[in-house]
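Here's the structure, in structure tokens; my notes come after.
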Amino acid sequence: MAGESHGRRAEGAARIRAKVRMAGMVMGTAMGTGLLAGCITVNAPAKPIVIQLDINIKQEVVYRLAADADKTIDSNKEIF
Amino acid sequence: MAGTGWSRTGATAAALTLAVAFGVGGSGGAAAQGRDPAYAAARAAGQVGEKPDGYIGVVGGGSPELRRIAEDINIKRRAVYAERAQAQHATVEQYAFTSGCRLIEQTEPGEKYMAPDGSWQTRGRGEPNKDSRCP
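Going down the list, the protein sequences come from chains A and B.
No gaps in the numbering here: position 53 of the first sequence is 53 in the working numbering, and each next residue is one more.
No gaps in the numbering here: position 38 of the second sequence is 118 in the working numbering, and each next residue is one more.
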């Protein structure tokens, strides 16, 4: 009885090990697919890339300075 | 070091502004706009125009005389921009760009200005084509 039960238990353990191995394989495959799916294809844009050199000029700064710029222009008419 | 450079620029700009102010006072404000006649004529003829960066540019090839007029104006503008930019805690480029927005806005019909795409345009009756960041 005890021997039979031990044998059955060993058989069960072997089956579990096999299942774990299979699960590992499945996971590996899934990860491989995931890596492939994660590849990003970059296509060159049809329009040329325009790099704005004055990128540091933000609209909020322009709005803040506008009133002062108006005064400066008015008081230096000869150069504007 | 940077501080010394800035204050020197400021002092130069202030001196220039003063000199210009006295110059206009002395001439009795002959021209309505106070512009040098050669500069006024070049503007009216569309030989120079306002650029979005706050400076004037020579339209087309231009003559050495036109380039000299433009350079002279731009040196003086830069001095004023530098002084005001410092007072407003902004960069010269930011202040000049803002002034460019206003100057393009103020162009008279028939005068030239540069559109954001870099092309020279003749100001019409309507709104000029300005940078999207302009007020």
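Every residue gets a Cβ at the ideal spot worked out from N, C-alpha and C, and that includes glycine.
N-terminal and C-terminal residue of the beta strand (DSSP E) that residue i is part of
i, result
"residue 185 (chain B)", "First-last for residue 185 (chain B): 172 to 185, but that is the alpha helix (DSSP H), not the beta strand (DSSP E)."
"residue 151 (chain B)", "Counting along the chain, residue 151 (chain B) falls outside any beta strand (DSSP E), though it belongs to the alpha helix (DSSP H) covering 144 to 167."
"residue 202 (chain B)", "200 to 202"
"residue 119 (chain B)", "Segment 117 to 124 is the alpha helix (DSSP H) holding residue 119 (chain B); no beta strand (DSSP E) there."
"residue 137 (chain B)", "136 to 138"
"residue 192 (chain B)", "192 to 194"
Nearest-angstrom beta carbon gap, residue j and residue i [assumed within contact, 8 Å]
i, j, result
"residue 192 (chain B)", "residue 139 (chain B)", "5 Å"
"residue 215 (chain B)", "residue 203 (chain B)", "Not quite, the Cβ-Cβ distance comes to about 18 Å (not below 8 Å), so this is no contact."
"residue 174 (chain B)", "residue 57 (chain A)", "5 Å"
"residue 178 (chain B)", "residue 66 (chain A)", "6 Å"
"residue 68 (chain A)", "residue 168 (chain B)", "6 Å"
"residue 146 (chain B)", "residue 122 (chain B)", "6 Å"
"residue 79 (chain A)", "residue 160 (chain B)", "7 Å"
Cut-off 8 Å between Cβ atoms - residues of its own chain near residue i, not counting five sequence neighbours on either side
i, result
"residue 154 (chain B)", "135, 136"
"residue 104 (chain B)", "With a pLDDT of 40 at residue 104 (chain B), under the threshold of 50, the predicted position of this residue should be treated as unreliable, though the coordinate-derived value follows. The answer, listed in chain order, is 114."
"residue 111 (chain B)", "Low confidence applies here, because residue 111 (chain B) scores a pLDDT of 41, under 50, leaving its location unreliable and the question unanswered by this model."
"residue 196 (chain B)", "132, 209, 210, 211, 212"
"residue 205 (chain B)", "189"
7 Å CB neighbourhood of residue i in its chain, flanking five on each side removed
i, result
"residue 171 (chain B)", "165"
"residue 142 (chain B)", "127"
"residue 59 (chain A)", "none"
Opening and closing residue of the alpha helix (DSSP H) in which residue i lies
i, result
"residue 128 (chain B)", "Counting along the chain, residue 128 (chain B) falls outside any alpha helix (DSSP H), though it belongs to the beta strand (DSSP E) covering 128 to 130."
"residue 71 (chain A)", "59 to 75"
Proximal residues to residue i (C-beta, below 6 Å), its chain only, five neighbours per side dropped
i, result
"residue 180 (chain B)", "132, 133, 134"
"residue 45 (chain B)", "Nothing can be reported for residue 45 (chain B): it is not among the residues displayed for chain B, which extend from 81 to 215."
"residue 184 (chain B)", "130, 193, 208, 210"
"residue 152 (chain B)", "none"
"residue 4 (chain A)", "In this predicted model, residue 4 (chain A) has a pLDDT of only 49, less than 50, meaning its place in the structure is not dependable enough to derive any value."
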